[in-house]
Amino acid sequence: MDLDKMRASALEVTELLKLLGHRDRLLVLCELKTGEASVGDLAQRLGIKQSPLSQHLARMRHYGIVTARREAQSVYYRISDGKVAEVVSLLYKLYCSDDD
Numbered sequence: 001m002d003l004d005k006m007r008a009s010a011l012e013v014t015e016l017l018k019l020l021g022h023r024d025r026l027l028v029l030c031e032l033k034t035g036e037a038s039v040g041d042l043a044q045r046l047g048i049k050q051s052p053l054s055q056h057l058a059r060m061r062h063y064g065i066v067t068a069r070r071e072a073q074s075v076y077y078r079i080s081d082g083k084v085a086e087v088v089s090l091l092y093k094l095y096c097s098d099d100d
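Residue 17 in UniProt numbering sits at position 17 of the sequence shown, and the numbers go up by one each step.
Here is the structure:
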C-alpha cells in the first residue's frame with residue numbers, strides 16, 4: 001500500500017473511530033447490526049431519549065454509516081456500510097459475546 005493511500009485510509013478510519021467513540025452511537029450500531037429498527041424502537045430498547053438519539057442518527061447518516069427510510073410516521077434505520085457492519089460485529093464478538 002502506498003503512503004498516500006494509507007494516509008487517506010487512516011483519515012477514513014479516524015473519522016469512523018470518532019463516531020464509534022460515543023457510547024450511545026456504539027449501542028445504536030450494535031442494535032442495528034441485527035437489522036433495521038425505527039427511532040422509537042431504538043429509543044425504547046436502548047433507553048435513549050428520542051431527541052439525542054435522532055441527533056446521533058443524523059450524524060451517522062451524514063457520514064454514510066446508516067441510511068433511513070420513512071414509513072408513514074416512522075423512520076427506520078439500518079447500517080449501510082459493510083465495513084462498519086464488520087467492525088461492529090467484531091467489537092460485539094470481542095466484548096459482548098457469551099463465548100467467554
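Note that CB positions come from ideal geometry on N, CA and C, so glycine has one too.
For E86, the enclosing alpha helix (DSSP H) stretches over residues G82 to Y95. Every unbroken stretch of the beta strand (DSSP E) spanning 3 or more residues and falling wholly within the UniProt domain "HTH arsR-type" (3-99) is given here in chain order: 66-71 and 74-79.
Per the coordinates, the alpha-carbon of A37 lies some 16 Å from the alpha-carbon of Q55. Using a Cβ-Cβ distance cut-off of 8 Å, the segment 90-99 and the segment 42-57 are not in contact, since fewer than three pairs of beta carbons, one from each stretch, lie closer than that value. In this structure G35 does not touch R69 by the C-beta definition: roughly 13 Å separates them, more than the 8 Å allowed. Of the candidates H62, E31, R61 and A58, E31 places its Cα closest to the Cα of G47. Rounded to whole angstroms, the gap between the alpha carbons of A8 and T14 is 10 Å.
Contact check for V88 against L29 passes: the beta carbons are separated by less than 8 Å.
Linking E86 to L27 through their CA atoms gives a straight-line distance of about 15 Å.
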